[in-house]
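Worksheet: the structure to be examined is printed underneath.
Numbering (the working numbering), first residue to last: 13 to 584.
Written out as structure tokens, the structure reads:
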């Protein structure tokens with residue numbers, strides 16, 4: 013800018029054509045006309061669709077692989093699915109830290125994709141290894157115990173968690189890198205950036221829908237090697253496409269500011285170190301510069317201790333600034349909302365586990381020779397999302413806008429709460445359907461025949477899938493927006509990582525609940541709620557329990573939301 017006064021007027025458009033905040037693949041200032049925007053974003057959306065296709069190609073039917081090919085009990089398999097899913101949802105915290113602090117988003121995406129491909133390749137190998145025949149372990153009359161070779165089990169779980177590591181680097185970087193292709197300071201590109209997030213979510217749901225409708229059928233009816241090999245091939249092709257766009261991408265320029273993870277962490281460390289330090293340790297100079305606790309906000313006053321400099325230490329980095337402390341507080345004040353959403357996250361873990369096992373026992377036939385894969389019913393979640401997003405955006409929001417006079421129609425917290433309420437309804441439906449399924453099994457004398465098909469159409473499960481899909485439109489998208497908007501700009505990667513961690517912790521809690529309930533109800537010769545024979549089990553009790561926990565979570569959420577004060581920069 014300093015040189016603009018001495019340049020000829022004819023060269024001014026060249027200045028306008030370059031971006032200060034981004035460079036091209038050679039490290040030169042990025043030119044608006046030849047980099048970024050939709051041309052680059054399409055490459056990035058493509059790799060995300062492939063990644064979601066691959067991830068749900070594993071998760072949606074994993075419980076059937078564990079109980080079938082690996083011979084695990086239903087309770088153990090559900091715990092393993094939840095533990096893996098929770099780990100995959102928590103690792104983005106580490107991935108975001110590595111990308112923002114050391115590697116950068118583009119290299120992280122490439123490295124994570126390679127790990128992903130390696131993991132999927134090893135999964136494919138583990139699936140095609142000669143192993144025991146699961147049909148020898150189960151009959152209509154009884155369940156017998158048998159296990160595959162230990163080498164196959166070790167290889168499978170190593171590959172599975174390698175995929176989780178790849179996802180941990182991929183997930184926090186791809187969407188942010190896609191948004192980097194649009195200049196938020198340019199009015200035209202700013203509109204395109206908003207549209208990018210809509211198409212991102214739409215295309216991602218489309219990838220999940222394709223997986224649920226096609227890949228699950230291949231896994232159930234053809235073979236698992238092909239079922240894992242197709243996602244692997246898809247990820248290879250997606251990485252190739254992503255690399256084709258290398259010359260067109262805009263790469264963010266990192267400033268000299270401290271990493272947000274480290275800044276927040278140091279505030280808590282400094283506050284603990286200075287726990288017994290009093291305000292009298294402040295010097296007149298510090299008071300004059302305003303670096304003292306009384307000029308901070310009144311919430312979470314214990315963090316103000318991070319502003320103190322005991323023993324007169326003035327070393328750079330040893331004393332936190334007021335802005336550092338306020339940023340830490342802005343993250344900490346999200347905790348009540350974060351914690352109260354954990355019950356929703358526990359419910360979120362059920363479709364790929366117990367919902368799917370429910371469907372396995374029911375009549376899934378269409379016509380005379382085709383059976384719908386139980387895991388494919390998850391496509392109704394994606395379908396409800398794809399259908400309801402336009403309804404929400406084009407009908408509900410304008411109607412609410414007239415009533416509330418708010419630009420967004422309803423606030424972010426109202427949107428999240430609506431989805432949480434719907435998740436309670438979904439679990440009530442699930443419990444009622446399971447009660448009816450157990451009654452039908454008893455009426456037809458199938459209680460002691462574990463693998464017999466209960467003469468009750470699998471379509472009875474559709475309402476719980478659809479209601480939960482609509483709940484996701486409210487709560488999932490609302491949480492993304494909330495945790496993005498309610499933190500300072502430079503901490504938004506932290507905010508989105510916190511959003512993802514809700515579902516990681518929720519999966520771990522689901523696994524913990526299953527473990528405790530299985531040990532409590534299955535001891536002393538009693539029948540566990542999660543008995544391998546679902547006709548003797550009581551998933552209905554578990555669903556009622558989750559409905560109760562979700563109601564408690566919703567009540568806690570409403571209490572926290574009532575007293576929550578939005579960030580001054582937030583639009584709602």
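A virtual CB, placed ideally from N, CA and C, is assigned to each residue, including glycine.
{"Query": "For residue 372 and residue 76, which I take to be in contact (beta-carbon distance under 8 Å), what is that distance rounded to the nearest angstrom?", "Result": "7 Å"}
{"Query": "Helix, strand or coil: how does DSSP classify residue 10 here?", "Result": "Lying outside 13 to 584, the shown extent of the chain, residue 10 is not represented and no answer is given."}
{"Query": "Secondary structure at residue 30, three-state DSSP: helix, strand or coil?", "Result": "strand"}
{"Query": "With DSSP as the reference, label residue 263 as helix, strand or coil.", "Result": "strand"}
{"Query": "Which of helix, strand or coil does DSSP assign to residue 232?", "Result": "helix"}
{"Query": "By the three-class DSSP mapping on this structure, what secondary structure does residue 524 have?", "Result": "helix"}
{"Query": "Using 8 Å as the threshold, is the segment 421-436 in touch with the segment 558-573, meaning 3 or more CB pairs across them?", "Result": "yes"}
{"Query": "Taking Cβ positions, are residue 361 and residue 224 nearer each other than 7 Å?", "Result": "no"}
{"Query": "When we look at the beta-carbon of residue 125 and count the other beta-carbons within 10 Å, is it buried (16 or more) or exposed?", "Result": "buried"}
{"Query": "Strictly by DSSP, which residues pair up with residue 57?", "Result": "Paired residues: none, contrary to the question."}
{"Query": "Excluding the 5 residues preceding and the 5 following residue 386 in the sequence, name in chain order all residues of the same chain whose CB lies nearer than 6 Å to its CB.", "Result": "368, 371, 372"}
{"Query": "Whole angstroms are fine: how far does the CA of residue 100 sit from the CA of residue 189?", "Result": "20 Å"}
{"Query": "Residue 542 and residue 139 look like a contact to me (Cβ under 8 Å); what is the Cβ gap, rounded to whole Å?", "Result": "The Cβ separation is near 25 Å, so there is no contact."}
{"Query": "Counting only the same chain and skipping the five closest in sequence on each side, list residues whose C-beta sits under 6 Å from that of residue 409.", "Result": "421"}
{"Query": "Tell me the DSSP bridge mates of residue 509?", "Result": "DSSP lists no partner for residue 509."}
{"Query": "Please go through the same chain and pick out, in chain order, the residues whose beta-carbon is closer than 7 Å to the beta-carbon of residue 102, but skip the five residues on each side of it.", "Result": "513, 516"}
{"Query": "Could you name each continuous beta strand (DSSP E) segment of 3 residues or more that falls completely within the segment 435-486, going from the start of the chain to the end?", "Result": "466-469"}
{"Query": "Taking one C-beta from the segment 273-283 and one from the segment 334-344 each time, how about it: are there three or more such pairs within less than 8 Å?", "Result": "yes"}
{"Query": "Which residues in the same chain as residue 78 place their Cβ atom closer than 8 Å to its Cβ, once the five residues preceding and following it in sequence are excluded?", "Result": "84, 88, 89, 92, 93"}
{"Query": "In whole angstroms, give me the CA-to-CA distance for residue 262 and residue 511.", "Result": "26 Å"}
{"Query": "For the alpha helix (DSSP H) that contains residue 552, what are its first and last residues?", "Result": "551-575"}
{"Query": "Just the C-alpha distance for residue 335 and residue 184, rounded to the nearest angstrom, thanks.", "Result": "25 Å"}
{"Query": "With DSSP as the reference, label residue 43 as helix, strand or coil.", "Result": "strand"}
{"Query": "By a C-beta neighbour count over all protein chains shown, 10 Å radius and 16 as the cutoff for buried, is residue 397 buried or exposed?", "Result": "buried"}
{"Query": "Identify the residues that DSSP records as bridge partners of residue 383: which are they?", "Result": "377"}
{"Query": "Indicate whether residue 226 and residue 238 have their beta-carbon atoms separated by less than 7 Å.", "Result": "no"}
{"Query": "With a Cβ-Cβ cutoff of 7 Å, do residue 64 and residue 241 count as a contact?", "Result": "no"}
{"Query": "Spell out a yes or no on whether the segment 537-555 and the segment 114-125 are touching, meaning 3 or more CB-CB pairs, one atom from each, closer than 8 Å.", "Result": "no"}
{"Query": "Here's the rule I'm using: 16 or more other beta-carbon atoms within 10 Å means buried, otherwise exposed. How should residue 60 be labelled?", "Result": "buried"}
{"Query": "So residue 436 and residue 562 are supposed to be a Cβ contact under 8 Å. How far apart are they, rounded?", "Result": "5 Å"}
{"Query": "Exposed or buried, residue 81, counting other C-beta atoms within 10 Å across all chains shown (16 or more means buried)?", "Result": "buried"}
{"Query": "Is residue 564 close to chain C, meaning its C-beta is less than 7 Å from at least one C-beta of that chain?", "Result": "Looking for chain C here will not work: only one protein chain is present."}
{"Query": "What separation, rounded to the nearest whole angstrom, lies between the Cα atoms of residue 538 and residue 468?", "Result": "27 Å"}
{"Query": "Have a look at the DSSP bridge pairing and note the partners of residue 585.", "Result": "Residue 585 lies beyond the stretch modelled for the chain, which goes from 13 to 584, so this question has no answer here."}
{"Query": "The alpha helix (DSSP H) that contains residue 413, what's its start and end?", "Result": "409-416"}
{"Query": "Tell whether a beta-carbon distance below 7 Å holds between residue 452 and residue 466.", "Result": "yes"}
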